[in-house]
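Some notes on the structure that comes next.
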Amino acid sequence: MSLGKDGHGKDKGGEIGGAGGKLPELKAGNEEGKSMGEKLGFFEWLKALKKKKKKVTFDSTPFIAAKCFKDARIRFPENKGVVKQGGSLTAVKHHKLWIRFIGVGEPLICGEAAGKMEKDDVNHGNYEHDIEIEGLLDGNEENVGYRSGLSDRNLAHTKPLLVKRTNTTSQIAIVGANLSPIESLDYEIFDNEILKHDWRSRKKFQIIQYLVLKWGFALLIGLGTGLVGFFNSFAVENIAGFKLLITTTLVSKHRYLGAFLAYAGANIFLAAAAAALCAFIAPAAAGSGIPEVKAYLNGVDAHYILAPSTLFVKIIGSILGVSAGFVVGKEGPMVHTGACIASLLGQGGSRKYHLTCNWLRYFKNDRDRRDMITCGAAAGVAAAFRAPVGGVLFALEEAASWWRSALLWRTFFTTAVVAIVLRVAIQFCATGKCGQFGEGGLILYDVGSATITYSASDIFAVLLVGAVGGILGSIYNYLVDKVVRTYSIINEKGPAFKISLVVTISLLTSCCFYFLPWVAHCIPCPSDSTSTCHSISESGEYQNFQCPPGYYNDLASLFLNTNDDAIRNLFSPKIIKEFHIFSLFIYFTTIYCIGIITYGIAIPSGLFIPVILAGAAYGRLASRLFEPITKLDRGLFALLGAASFLGGTMRMTVSICVILLELTNDLLLLPLVMLVLLISKSVADIFNKGVYDLILQIKGLPYLEVHAEPYMRNLVTRDVISGPLITFSGIEKVGNIWHALNTTGHNGFPVIDEPPFTDAPELCGLVLRSHLLVLLKEKIFSRDRDFIDQIIFQRISASDFGKAGSGKGIKLEDIDIDEEEMDMYIDLHPITNASPYTVVETMSLAKAAVIFRQHGLRHMCVVPKSQGRPPVVGILTRHDFMPEHVLGLYPHIKPHKQH
1 MSLGKDGHGK DKGGEIGGAG GKLPELKAGN EEGKSMGEKL GFFEWLKALK KKKKKVTFDS
61 TPFIAAKCFK DARIRFPENK GVVKQGGSLT AVKHHKLWIR FIGVGEPLIC GEAAGKMEKD
121 DVNHGNYEHD IEIEGLLDGN EENVGYRSGL SDRNLAHTKP LLVKRTNTTS QIAIVGANLS
181 PIESLDYEIF DNEILKHDWR SRKKFQIIQY LVLKWGFALL IGLGTGLVGF FNSFAVENIA
241 GFKLLITTTL VSKHRYLGAF LAYAGANIFL AAAAAALCAF IAPAAAGSGI PEVKAYLNGV
301 DAHYILAPST LFVKIIGSIL GVSAGFVVGK EGPMVHTGAC IASLLGQGGS RKYHLTCNWL
361 RYFKNDRDRR DMITCGAAAG VAAAFRAPVG GVLFALEEAA SWWRSALLWR TFFTTAVVAI
421 VLRVAIQFCA TGKCGQFGEG GLILYDVGSA TITYSASDIF AVLLVGAVGG ILGSIYNYLV
481 DKVVRTYSII NEKGPAFKIS LVVTISLLTS CCFYFLPWVA HCIPCPSDST STCHSISESG
541 EYQNFQCPPG YYNDLASLFL NTNDDAIRNL FSPKIIKEFH IFSLFIYFTT IYCIGIITYG
601 IAIPSGLFIP VILAGAAYGR LASRLFEPIT KLDRGLFALL GAASFLGGTM RMTVSICVIL
661 LELTNDLLLL PLVMLVLLIS KSVADIFNKG VYDLILQIKG LPYLEVHAEP YMRNLVTRDV
721 ISGPLITFSG IEKVGNIWHA LNTTGHNGFP VIDEPPFTDA PELCGLVLRS HLLVLLKEKI
781 FSRDRDFIDQ IIFQRISASD FGKAGSGKGI KLEDIDIDEE EMDMYIDLHP ITNASPYTVV
841 ETMSLAKAAV IFRQHGLRHM CVVPKSQGRP PVVGILTRHD FMPEHVLGLY PHIKPHKQH
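Quick note: the sequence shown uses full-length UniProt numbering, first residue 1, plus one each step.
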């Protein structure tokens with residue numbers, strides 16, 4: 001049986017019917033209620049109640065309903081309200097009574113005894129989440145259920161993230177800009193007879209093939225990500241450069257309105273195109289993508305998170321969004337792009353398009369794909385920042401949840417390939433064949449000074465910059481959290497609202513960037529500077545904008561430039577006092593605020609560049625304020641300000657430090673950058689979590705942290721077990737397996753050997769849903785309840801049990817089994833994982849959570865402490881370790897806030 005939505009209808013005295021007749025109660029001995037149920041059915045009964053504007057709520061209370069169902073092995077240790085079978089309603093609880101609908105309008109009264117419970121059979125606590133029926137009864141009964149096969153547990157609520165703005169379940173999440181079902185990944189090495197025979201039969205050259213393919217794929221990931229990184233920078237520099245060239249040319253001709261219309265019109269067109277791609281083709285491509293990649297590497301999968309369509313929209317949408325002048329970067333999307341490229345290569349071929357061979361079958365598992373996607377994420381950072389070592393450290397520190405030395409070598413090789421590709425591309429573009437994309441098109445900032453010496457007063461100024469940067473970074477995270485939650489309300493309304501929101505933010509950004517430079521005064525070009533004022537048609541450190549020849553507009557030099565050029569201007573040591581302190585304050589405030597309200601709209605958008613821009617402006621502003629006590633270079637202060645903001649928002653230290661050093665190509669800056677990062681992270685951790693951790697929470701992605709929550713130490717594993725627990729015999733009837741797969745969404749089932757095959761019931765292992773589907777499809781059946789001849793299993797190979805890629809796997813509805821076959825038997829021993837991870841029911845929940853995460857598990861069997869009981873008492877999945885589940889069971893527990 002599968003459990004659908006909570007369905008405890010509470011009648012509070014309203015009326016239905018034409019003459020104001022009261023709704024009859026459906027209870028034993030009530031013929032009127034039974035007749036009503038026969039005529040209307042439960043959903044019609046609720047709709048009639050709703051017409052009278054009665055408030056109906058759903059809640060959950062523990063219960064046992066085994067007596068209501070034929071299969072006595074299926075027990076319900078907790079009430080989920082509505083029980084569904086095959087997509088149709090089968091049972092519902094009303095006024096402490098369980099009614100089972102055998103057919104249409106034929107309620108079977110289970111009686112009040114079915115609603116009672118024994119203390120030893122249920123979870124303790126009072127788990128209650130009320131959801132008003134408003135919006136759920138829209139004529140489609142399937143809205144109250146959940147699609148079978150998409151999660152380890154069926155859903156408790158329909159739209160928890162978008163209605164309550166709190167994460168009350170771990171089966172759906174916001175991926176990109178859309179609500180999506182999620183499921184766990186199988187990172188565990190599955191140990192059954194078929195797979196072990198495959199490993200034993202492999203020859204030495206096949207093992208060499210596997211190793212060569214792993215390194216070959218690493219090479220392809222580096223090549224692909226490097227080329228995409230170059231293409232992104234090339235396209236952005238040319239599109240944005242052409243747009244800015246037209247704008248400044250019109251301004252020089254005193255056609256100010258035309259300049260604004262051209263500038264704003266181009267921005268809105270590019271923004272709308274990016275939003276349309278995300279809204280209609282790949283909603284999963286919206287946003288940074290780093291939280292989704294981080295969750296995937298933690299063991300969470302979602303539809304289209306790494307699909308080819310997502311890759312396409314991520315590349316094109318990122319180009320359009322950055323070119324549109326948004327305060328976003330292409331660095332975050334590049335991480336997602338690298339992961340998509342790695343996932344595409346790691347699909348193990350495609351049977352649909354006849355792109356498969358025996359070599360590729362080795363990669364049809366989540367474990368190898370995880371390693372490849374880790375390489376892709378590192379390659380994305382390397383391509384975005386030209387920082388190969390920083391990319392490796394980013395994957396180690398932020399992205400990956402599992403790491404080992406072999407993966408370190410492959411990741412480093414991948415990022416080295418990216419660095420070579422970018423170097424070749426830069427040398428090619430240095431010849432002037434890439435339009436406005438020149439030698440400085442890819443980020444590489446010069447903040448070098450002849451000597452870097454500092455005194456105690458300089459250290460004090462640096463410490464203050466780090467501390468204030470940490471505070472501002474934590475405020476940035478807090479506001480981003482609120483904005484993303486607000487935007488989710490708008491985005492859920494449909495594509496038109498997503499595009500409208502993007503266009504609105506684009507128009508606001510265009511107005512700020514075009515009109516704010518008008519408040520700045522024209523400043524004479526410095527005579528002693530190594531850089532002269534450029535003409536109107538050129539970009540550089542000094543923009544004339546509306547100023548006469550020989551003068552420049554410092555705000556226009558920042559606003560009317562690409563993000564990379566603006567950062568380069570702020571970091572430049574050649575510019576000393578060319579930016580007025582008032583202009584720096586305006587620029588910092590604008591970028592800080594617009595960066596916050598831009599994140600969360602339906603376009604590919606990264607947070608690195610907005611944070612670096614705001615931080616660099618803050619650092620240069622601080623250098624002017626600290627001028628009486630420090631003589632450090634202003635470009636160096638800008639770099640330290642950017643480092644303080646990165647530490648305060650993202651809470652990374654080692655990877656950010658190395659990335660900044662690779663960006664600036666100056667090792668002399670290392671001590672000060674390290675100091676600022678440590679201070680800013682420490683200060684910001686006092687207030688909240690890092691921005692990516694907050695976004696993981698907002699999106700509802702069930703991310704398992706490294707350390708268990710403190711309150712888990714006071715609980716044991718049996719305290720959070722939820723049902724129903726469905727087990728199979730070692731030799732099981734086909735009909736029972738088909739029924740269990742059809743009525744549940746569970747992906748793992750314990751297999752128990754029972755007499756006469758064993759002296760007493762014992763746990764044989766764990767069998768996966770996908771493996772059962774293979775046996776059902778191939779019809780590996782026998783008429784007798786006996787061990788099957790191993791020759792029959794030669795009809796299938798280990799590759800048949802490989803996990804399908806982004807294409808369609810085996811579905812239960814595609815399998816045709818007749819009535820005669822339903823009474824046949826399947827021997828599950830050859831496909832059963834004989835060594836599943838098991839924990840005793842009295843183990844600390846905190847300890848079990850650490851084991852679960854460290855080994856990348858999807859299922860963990862809980863076994864009894866004493867003998868004479870069933871060999872397995874429950875299964876723990878990722879959902880059971882989530883705070884929303886544990887605190888729902890035990891609302892009296894006050895979680896300790898950890899940042």
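All C-beta atoms, glycine included, are put in the ideal place defined by N, C-alpha and C.
### Query
Touching or not, the region 370-377 and the region 336-343, by the rule of three or more beta carbon pairs under 8 Å?
Touching, yes, given that three or more Cβ pairs across the two stretches are closer than 8 Å.
#### Entry: 7 Å CB neighbourhood of residue 305 in its chain, flanking five on each side removed
175, 284, 292 and 296
### Task
Taking 9 Å as the cut-off, decide whether the C-beta atoms of residue 318 and residue 334 are in contact.
yes
#### Entry: Nearest-angstrom Cα separation, counted from residue 552 out to residue 606
31 Å
#### Entry: Delimiting residues of the alpha helix (DSSP H) encompassing residue 474
Where residue 474 is concerned, the enclosing alpha helix (DSSP H) stretches over 456-491.
### Task
Specify the secondary structure class of residue 632 as computed by DSSP and reduced to three states.
coil
#### Entry: Sequence ranges, alpha helix (DSSP H) only - wholly within the region 632-656, length at least 4
634-650
### Query
For residue 906, does the three-state DSSP call read helix, strand or coil?
Past the boundaries of the shown model lies residue 906; the chain is included only from 1 to 899, so the question cannot be answered.
### Own chain partners of residue 562 with C-beta closer than 6 Å, once the 5 adjacent residues on each side are dropped
240
### Extent of the continuous alpha helix (DSSP H) run through residue 178
Residue 178 -> not in any alpha helix (DSSP H); beta strand (DSSP E) instead, spanning 178-184.
### Query
Does the pairing of the region 850-865 with the region 873-888 give three or more beta-carbon distances under 8 Å?
yes
### Query
Can you list the beta strand (DSSP E) stretches of 3 or more residues lying completely in the region 548-621, in chain order?
As far as the region 548-621 is concerned, it has no whole beta strand (DSSP E) run of at least 3 residues.
### Query
What is the DSSP secondary structure of residue 840, counted as helix, strand or coil?
strand
### Query
Cβ of residue 645 within 9 Å of Cβ of residue 690?
no
### Message
For a test of the three-state rule: what should DSSP assign to residue 873, helix, strand or coil?
### Response
coil
### Task
Mind checking which residues open and close the beta strand (DSSP E) that includes residue 733?
Per DSSP, residue 733 belongs to the beta strand (DSSP E) from 731-733.
### Query
So does the region 705-719 actually touch the region 490-501, counting three or more Cβ pairs closer than 8 Å?
no
### Task
In the DSSP assignment, find the unbroken alpha helix (DSSP H) run with residue 497 in it and report its ends.
For residue 497, the enclosing alpha helix (DSSP H) has its first and last residue at 495-515.
### Query
Would you call the region 389-397 and the region 656-670 in contact, with 3 or more CB pairs under 8 Å?
Using a C-beta cut-off of 8 Å, the region 389-397 makes contact with the region 656-670, since at least three inter-stretch Cβ pairs fall below that distance.
### Task
Please check the pair residue 855 and residue 836, which I expect to be a contact at CB under 8 Å, by giving their CB distance rounded to whole angstroms.
The C-beta distance from residue 855 to residue 836 rounds to 11 Å, too long to fall under 8 Å, and the pair is not in contact.
### Message
Under 9 Å, Cβ to Cβ, is there at least one residue of chain B near residue 766?
### Response
Protein chain content of the structure displayed is limited to a single chain, and chain B is not contained in it.
### Message
Going by DSSP in three states, residue 432 sits in which element: helix, strand or coil?
### Response
The answer is coil: DSSP assigns residue 432 none of H, G, I, E or B.
### Task
Have a look at 198, 506, 822 and 787 and flag the residue whose alpha-carbon is nearest the alpha-carbon of residue 328.
506
### Task
Could you tell me which of 518, 326, 814 and 622 sits nearest to residue 636, measuring between CA atoms?
622
### Query
Which runs of the alpha helix (DSSP H) spanning at least 4 residues fall entirely within the region 754-817, listed in chain order?
List check, alpha helix (DSSP H) in window: 769-778.
### Query
Per the contact definition of three or more C-beta pairs closer than 8 Å, is the region 391-403 in contact with the region 421-433?
Under the Cβ criterion (8 Å, minimum of three pairs), the region 421-433 does not count as touching the region 391-403.
#### Entry: Coil, strand or helix - residue 282 by DSSP
coil
### Message
Using a Cβ-Cβ cutoff of less than 6 Å, which residues in the same chain neighbour residue 346 once the five nearest sequence positions on both sides are dropped?
### Response
363, 369 and 372
### Query
Going by Cα to Cα distance, which pick from 247, 214 and 216 is closest to residue 559?
247
### Query
Nearest to residue 181 by CA position, among 826, 700, 755 and 739, is which residue?
700
### Query
Between residue 555 and residue 586, is the Cβ-Cβ spacing less than 9 Å?
yes
### Message
Strictly by DSSP, which residues pair up with residue 543?
### Response
As computed with DSSP, residue 543 is found in a beta bridge with 553.
### Query
DSSP on residue 825, reduced to helix/strand/coil?
strand
### Query
Exposed or buried, what is residue 463 when buried is set at 16 or more other beta-carbons lying within 10 Å of its beta-carbon?
exposed
### Task
Check the C-beta distance from residue 680 over to residue 466 and give it rounded, since I have them as a contact under 8 Å.
5 Å
### Message
Here's the rule: buried if 16 or more other CB atoms are within 10 angstroms of the residue's CB, otherwise exposed. What is residue 629?
### Response
That one is exposed.
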